[in-house]
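First the structure, in the form of structure tokens, and then the observations on it.
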Amino acid sequence: MKNRGYIGILFFILIGITPFALSFGYALLYSFGVIGVANSGFTLEFWKAVFESGEFVKSLFYSIAIALVSTVISVSLALWFTLAFEKKLRGRILSFVIYLPLAIPGIVASFFTVQVLSKAGFFSRLFNKIGITSGISDFPDLINDPYAIGITLVFISVVMPFFLLLFLNVYQNERVAELAELSRSLGASERQTIWRVSLPVLIKKTWTLIALYFIFLLGAYEIPLILGEESPQMLSVLIVRELKQFDLSKISEGYVVAVIYTVIVSIATILLFSNRKSQDIHE
Amino acid sequence: MRYLLFIVLLISACAPNAKESEINLDQLSWKDITQKAEGSTVNFMMWQGSPVINDYINNYLIPTVKEKFNIELRITGGQGPEIVQLIMGEKQAAVKSGQVDMVWINGETFFQLRQIDGLWGPFVESLPNAQFVDFNDQFIGIDFQQKVNYMEAPWNVSQFALFYDSARVTTPPTNLEELEDYVKANPETFTISNDFSGMTLLKSFLSELSGSPEGLNGPFDESKYEKLSSELWEYINRNKQYFWKKGTTFPKEHSKMDQMYANGELLLGFGFGEGGIEEKVNQGLFPKSTKGYAWENGTIKNANYLGIAYNSTNKPGAMTVINFLMSPEAQLRKASPDGMDSNTILDPSKLPSEWQAKFEEMPKRKYGPEMADLEDKAIQEPDPKYMIRLFEDFRTQVIEK
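In structure tokens, the structure reads:
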């Protein structure tokens with residue numbers, strides 16, 4: 001039995017860590033111009049170029065903002081649905097409605113959004129027919145728009161159902177309904193019950209997942225690729241663009257961005273989990 | 001034990017394959033080459049984004065090379081950047097037997113692949129059908145101001161053109177001044193895609209600003225570029241408030257522009273293949289009132305080519321397929337307006353008279369202009385550095401401003 005655990009760790013290192021470490025090392029060397037056919041030896045030029053252009057920083061904050069807004073809205077909506085409609089959501093049809101979006105890949109959701117919300121899309125045509133708008137240009141910019149409305153909407157529609165299912169499960173497993181009843185019987189108001197009992201229980205049990213989803217959205221690719229603007233772009237889109245660029249001598253800049261992004265996400269993840277561990281012990 | 005076996009397999013799967021095929025063209029006759037090719041498999045990486053091209057490849061080329069030369073032709077999807085990434089990756093990993101044998105490329109990819117020595121050659125002179133090609137034609141023998149030197153075989157030639165919906169626009173702009181008036185009169189119906197096609201349009205604009213169709217010929221000239229491009233960015237930034245989405249963003253690809261043209265959001269479009277409108281009108285995507293035309297100062301005309309990867313394991317096979325693609329038979333089929341609708345790279349005067357007649361009998365396009373109609377408005381592709389700089393500066397000077 002002991003041998004088993006040993007092999008498990010070996011496998012984790014071999015399949016989980018090694019490829020990741022190797023590709024990270026490769027990206028790091030590439031970013032300093034050490035490897036790469038079009039590069040000619042160690043240089044800091046690419047790192048300098050990335051920070052000087054300011055595009056990376058813009059892209060980073062843009063991505064954080066979109067991921068944060070999407071996560072906060074998704075979680076809030078899911079919490080509200082859970083607490084307000086907990087019983088109804090367990091019905092057959094409604095639970096099907098929740099499961100359905102989970103089965104739709106991001107790329108499909110994006111194309112669907114283009115069909116529905118673009119200036120030549122379904123709603124634009126409908127509004128034009130019934131006379132609300134008088135032409136294509138009257139319809140608001142909802143995709144490829146400066147405020148990333150399209151991206152945020154798809155993020156929410158993809159992520160919200162997941163949180164809803166998660167919260168519904170926790171609600172049941174942690175017996176939130178009974179706890180709430182108990183608090184009410186002890187004289188707490190409805191408001192106090194929600195803010196002091198139900199919500200803390202739900203969030204405490206799930207906040208690691210919420211944070212992980214935030215990181216996941218930070219690195220999303222297809223959805224911002226299809227629905228985003230040309231500038232600023234979300235991080236993954238920026239990285240892929242830099243890696244595939246026409247000027248071979250600047251491909252290393254893509255690796256610089258990839259390295260920084262990996263470091264940020266890794267640190268965030270490590271902090272997240274080490275924090276969780278110490279908290280678990282306290283409990 | 002099982003785990004150990006798995007690890008060994010994993011490592012052996014990662015190790016480079018030692019198989020290699022080097023051939024010496026001086027010592028081989030064409031017959032030897034086709035003999036070596038017989039019964040082999042050729043991997044062809046090409047752009048698969050057009051139904052008519054895919055139809056030509058899948059329903060004509062693949063069965064024909066199987067029947068004629070017993071060659072198994074396998075297609076992999078991938079264009080410009082993917083091809084460069086793949087070959088560059090293999091070069092970095094010192095892979096001796098590459099995944100692809102032949103690639104379909106245009107000038108920018110040729111330039112990149114030559115930079116990293118990713119192509120094998122020169123081989124084109126050894127192809128029997130090269131005798132029908134006029135390599136002195138500046139639009140075929142020179143690719144982005146770089147001599148082709150038999151490192152890639154021409155496959156198609158076409159001119160860049162603009163198009164408009166004649167039912168909604170009476171006189172389309174043919175120079176920058178008219179374009180300025182046009183966008184003011186028809187706001188949000190024009191844009192420039194941030195891709196190869198859009199940059200090709202910008203090259204035509206740059207050429208116009210230089211004052212002559214030949215203004216950008218010759219090697220890259222930094223001071224000339226600086227002067228002309230700053231005029232161009234000033235022009236675009238001054239007018240972009242009248243562009244699509246008020247110039248706050250630009251479409252990533254020109255296929256997106258085609259869609260927006262099809263649904264009436266845009267009234268002007270552009271593309272290679274003399275605008276590339278024949279197929280789209282035939283499919284019903286574009287209105288029948290679509291018309292193609294060239295810019296007053298000229299639009300870029302260039303050829304696209306077939307190359308062989310430096311580490312191809314089946315060079316004889318790739319040569320056989322490429323030679324067939326350059327044959328009068330395959331080129332004639334490709335020129336049909338109902339099909340791939342792509343101009344031949346063969347010089348009719350060099351062809352046997354029966355083939356000359358067949359090319360002449362070919363029905364004409366119904367909607368798009370013929371390449372011959374635009375001939376006096378054709379300009380050469382400038383040095384690739386112009387494109388590199390345009391890409392970079394269009395982003396920093398226009399999109400991000």
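Chains as they are written, first to last, in the UniProt record's numbering: chain A, 1 to 283; chain B, 1 to 401.
Note that beta-carbon positions come from the ideal geometry of N, C-alpha and C, so glycine has one too.
If you're wondering where the values come from, they're calculated on a predicted model, not measured in any experiment.
Query                                                                                                                                                                     : Result
Between the segment 299-307 of chain B and the segment 84-100 of chain B, do at least 3 Cβ pairs fall closer than 8 Å?                                                    : no
Ignore the nearest five residues each way along the sequence and tell me which others in B/Lys358's own chain have a CB closer than 8 Å to its CB.                        : Pro328 and Leu332
So, helix, strand or coil for B/Asn194, using DSSP?                                                                                                                       : coil
Is there a Cβ from chain B that is less than 9 Å from the Cβ of A/Leu117?                                                                                                 : no
I'd like to check one pair, A/Ser236 with A/Ile220: are the Cβ atoms closer than 9 Å?                                                                                     : The residue asked about is misnamed: residue 220 of chain A is Ala in this sequence, not Ile. Yes, these two residues count as a Cβ contact at 9 Å.
Determine the direct distance from the alpha carbon of B/Arg114 to that of B/Phe139, and round the result to whole angstroms.                                             : 19 Å
Name the two residues that bound the continuous alpha helix (DSSP H) containing A/Leu29.                                                                                  : Thr18 to Ser31
Around the C-beta of A/Phe155, are 16 or more other C-beta atoms found within 10 angstroms, so that it is buried, or is it exposed?                                       : buried
Keeping to the same chain, check which residues put their C-beta closer than 8 Å to that of A/Phe111; ignore five residues upstream and five downstream.                  : Ile226
Quick one: which chain A residues come within Cβ less than 7 Å of B/Ile388?                                                                                               : Phe246 and Asp247
Mind the definition here: the segment 195-202 of chain A touches the segment 252-259 of chain A only if three or more C-beta pairs lie below 8 Å; say whether that holds. : no
Compare the C-beta of A/Gly36 with all C-beta atoms of chain B and state if any pair is closer than 9 Å.                                                                  : yes
Answer yes or no: does any C-beta atom of chain B fall closer than 9 Å to that of A/Glu242?                                                                               : no
Pick helix, strand or coil for B/Tyr293, following the three-state DSSP scheme.                                                                                           : strand
Which of the three DSSP states, helix, strand or coil, is assigned to A/Ala177?                                                                                           : helix
Any idea what DSSP makes of B/Ile345, helix, strand or coil?                                                                                                              : coil
Does A/Pro140 have its Cβ less than 9 Å from a Cβ in chain B?                                                                                                             : no
With 9 Å set as the bound, which would you pick, yes or no: does the beta-carbon of A/Ala258 sit closer than that to a beta-carbon of chain B?                            : no
Leaving out the 5 sequence neighbours to the left and right, which residues in its chain are closer than 7 Å to B/Leu127 when beta-carbon positions are compared?         : Ala153, Met319, Ile322, Asn323 and Met326
With a threshold of 9 Å between beta carbons, is B/Glu188 in contact with chain A?                                                                                        : yes
With DSSP run on the structure shown, which of helix, strand or coil describes B/Ser158?                                                                                  : strand
What is the DSSP secondary structure of A/Val259, reduced to helix, strand or coil?                                                                                       : helix
Identify every residue that forms a DSSP beta bridge with B/Glu72.                                                                                                        : B/Thr41
Out of B/Asn282, B/Gln397, B/Gly284 and B/Ala262, which has the shortest C-alpha to C-alpha gap to A/Gly121?                                                              : B/Ala262
What would DSSP say about residue 402 of chain B, mapped onto helix, strand or coil?                                                                                      : Since the first residue of chain B shown is 1 and the last is 401, residue 402 of chain B is not available in this structure.
When DSSP labels each residue in this structure, what does B/Met46 get in the three-state scheme?                                                                         : strand
Taking the straight line between their C-alpha atoms, what separation do you get for B/Lys19 and A/Leu60?                                                                 : With a pLDDT of 46 at B/Lys19, under the threshold of 50, the modelled position of this residue cannot be trusted, and the question is left open.
Taking Cβ positions only, does B/Arg395 come closer than 9 Å to chain A?                                                                                                  : yes
Counting only C-beta atoms, is A/Ile136 closer than 9 Å to chain B at any point?                                                                                          : yes
What are the boundary residues of the beta strand (DSSP E) that includes B/Met102?                                                                                        : Met102 to Ile105
In whole angstroms, what separates the C-alpha of B/Ser223 from that of B/Pro287?                                                                                         : 43 Å
Measuring straight from C-alpha to C-alpha, what distance separates A/Thr82 and B/Lys246?                                                                                 : 42 Å
Can you tell which of B/Lys280, B/Leu346, B/Asp221 and B/Ser349 has the C-alpha that lies nearest to the C-alpha of B/Ile53?                                              : B/Lys280
Would you please verify whether the beta carbon of B/Ile308 is less than 9 Å from any beta carbon of chain A?                                                             : no
Measuring alpha carbon to alpha carbon, tell me which of A/Val263, A/Thr206, A/Ser274 and A/Val158 ends up nearest A/Leu79.                                               : A/Thr206
Should A/Ala120 be flagged as near chain B, meaning a C-beta pair shorter than 9 Å?                                                                                       : yes
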